[in-house]
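Working notes, structure below.
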Amino acid sequence: MAVKYELIKTCAQTGARLGRLHTPHGVIDTPTFMPVGTQASVKGMSPEELKTLGAQIILSNTYHLFLRPGHELVKEAGGLHRFMNWDRPILTDSGGFQVFSLSEMRKITEEGVQFRSHINGDKLSLTPESATQVQNALGADIIMAFDECPPYPAEYEYVKQSTERTSRWAERCLKAHSRSHDQALFGIVQGGMHADLRKQSALDLTSLDFPGYAMGGLSVGEPKHFMYEMLEETIPYLPGNKPRYLMGVGSPDALIEGSIRGVDMFDCVLPTRIARNGTLMTSQGRMVVRNAKYTNDFGPMDPECSCYACRNYSRAYIRHLIKADEMFGLRLTTIHNLHFLVNLMVQVREAIREDRLGTFREEFFEKYGMADN
Ligand SMILES: Cc1cccc2c(=O)nc(N)[nH]c12
145 MAVKYELIKT CAQTGARLGR LHTPHGVIDT PTFMPVGTQA SVKGMSPEEL
195 KTLGAQIILS NTYHLFLRPG HELVKEAGGL HRFMNWDRPI LTDSGGFQVF
245 SLSEMRKITE EGVQFRSHIN GDKLSLTPES ATQVQNALGA DIIMAFDECP
295 PYPAEYEYVK QSTERTSRWA ERCLKAHSRS HDQALFGIVQ GGMHADLRKQ
345 SALDLTSLDF PGYAMGGLSV GEPKHFMYEM LEETIPYLPG NKPRYLMGVG
395 SPDALIEGSI RGVDMFDCVL PTRIARNGTL MTSQGRMVVR NAKYTNDFGP
445 MDPECSCYAC RNYSRAYIRH LIKADEMFGL RLTTIHNLHF LVNLMVQVRE
495 AIREDRLGTF REEFFEKYGM ADN
């Protein structure tokens, strides 16, 4: 059975919706936050720890695994689930975005993208066909069409040409997608910060009838209100019976605002990345646990948190570990931040079920402090 979205209910207070995404490796309650495990590992986390904190589905990246260890090796190992010992759903991003954020010397043509490996400088290329075949070999439950994420800001004409090419690439991905697997290929809507291009991209992709649709080209440095506006300009053109995935989004406020606008899936490196420099997301807002003021603070990182780190260790201890460059410190901050976002989505789903997501938003922002963190 491939991937199927089941709409449970829509929140009476907002445009948010409760759903269940059925996949070959299990069912995902939506809206959901997906931890990122770029190189087939959520940095510092074991599969058991991810399950304990409530991760329903994790991400890996085609670009990184194509470069190292290579998709053939992962296939030989029995696929990504077997290779990383993760038996729940996996989604892989298609590589285009990572080429632009990581590699040198990249060149885009109608055919695809040529680039140099950021690891050893090898000249490589990815095309809609090869990116799809790599993902078929990796074996994730959900794979992404090969797209270009236009830089921000960018000229209207550039975004228009790029978005039209991404739609042509999407069709090529569909044709290349081997049906022998149970994998679902999602299309990625582009269009920059232009409502007309977003609408056209959504119409082009929905005419190809993908089982799910992502919105790319956002969370690329634009002011957040642009992102929310583009969601409002795009989602009305996406089918209600298919999942909507906002790529690269991540902060607590954006997860709530995106859910309110009808987004079902989110991913972001933010929680794991800031954890590695000792920055925590807590019910009282952001906290930098390595600050001297926590030297003698023997309370939990977040008094309201039930994660393994907050139940068993103090701010003073975690601050000490980070200052002493002890690996365990970053594992504890990662466990906490991932649990914080996964648990936030549990609360968002409860609020939708009880038709009070708008009220939850006000209460959360009151405590957490607004925006951008
Ligand atoms: C991971 C991510 C973040 C943000 C944007 C994008 C995008 O536009 N396209 C892809 N394939 N991935 C993205």
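Heads up, the sequence shown is in the working numbering, so the first residue is 145 and it goes up one at a time.
Glycine is no exception: its CB is placed at the ideal position from the N, C-alpha and C atoms.
Judged by DSSP in its simplified three-state form, K368 adopts helix. With a beta-carbon spacing of about 10 Å, E377 and R405 fall beyond the 8 Å limit used to define contacts. DSSP lists L165 as the beta-bridge partner residues of Y149. Within the DSSP secondary-structure output, Y512 pairs in no beta bridge. For I479, no pairing in a beta bridge is given by DSSP. Between the region 416 to 426 and the region 439 to 453, the count of Cβ pairs shorter than 8 Å is three or higher; the stretches touch. Straight through space, the alpha carbons of C454 and I152 are spaced by roughly 33 Å. Note: K267 is bridge-paired with R260 in the DSSP secondary-structure output. In terms of side-chain proximity, the C-beta atom of M371 is found no nearer than 7 Å to any non-hydrogen atom of ligand 1. Taking one beta carbon from each stretch, the region 329 to 346 and the region 299 to 317 have 3 or more pairs nearer than 8 Å; the two touch. DSSP lists I287 as the beta-bridge partner residues of L329. Residue range E248 to I252 is occupied by the beta strand (DSSP E) that includes E248.
Between Y389 and D408 the beta-carbon gap is near 7 Å, inside 8 Å, which marks them as a contact. Burial state of N280 is buried, judged by a 10 Å Cβ sphere holding 16 or more other Cβ atoms.
Annotation for M228: the continuous alpha helix (DSSP H) segment containing it runs L224 to M228.
Taking C-beta separations shorter than 6 Å and ignoring five residues to either side along the sequence, the partners of N205 in its chain run T182, D237 and Q242, following chain order.
H480 counts as buried, since no fewer than 16 other beta carbons sit within 10 angstroms of its beta carbon. Look at Y457 here: in three-state DSSP terms it is coil, with no helix or strand label.
Contact check for V433 against R463 passes: the beta carbons are separated by less than 8 Å. Relative to ligand 1, F354 has its C-beta separated by 7 Å or more from all heavy atoms.
Ranked by Cα distance from K267, the first of F210, E507, R312 and V186 is F210. Counting C-beta pairs with one atom in each stretch, the region 209 to 225 and the region 497 to 505 have fewer than three that are closer than 8 Å, which means they do not touch.
Remark: the C-beta of C317 is outside contact range of ligand 1, defined as less than 7 Å to any heavy atom. Look at M391: its beta carbon is less than 7 Å from one of the heavy atoms in ligand 1. In this structure K386 is buried. Its beta-carbon is surrounded by 16 or more other beta-carbon atoms within 10 angstroms.
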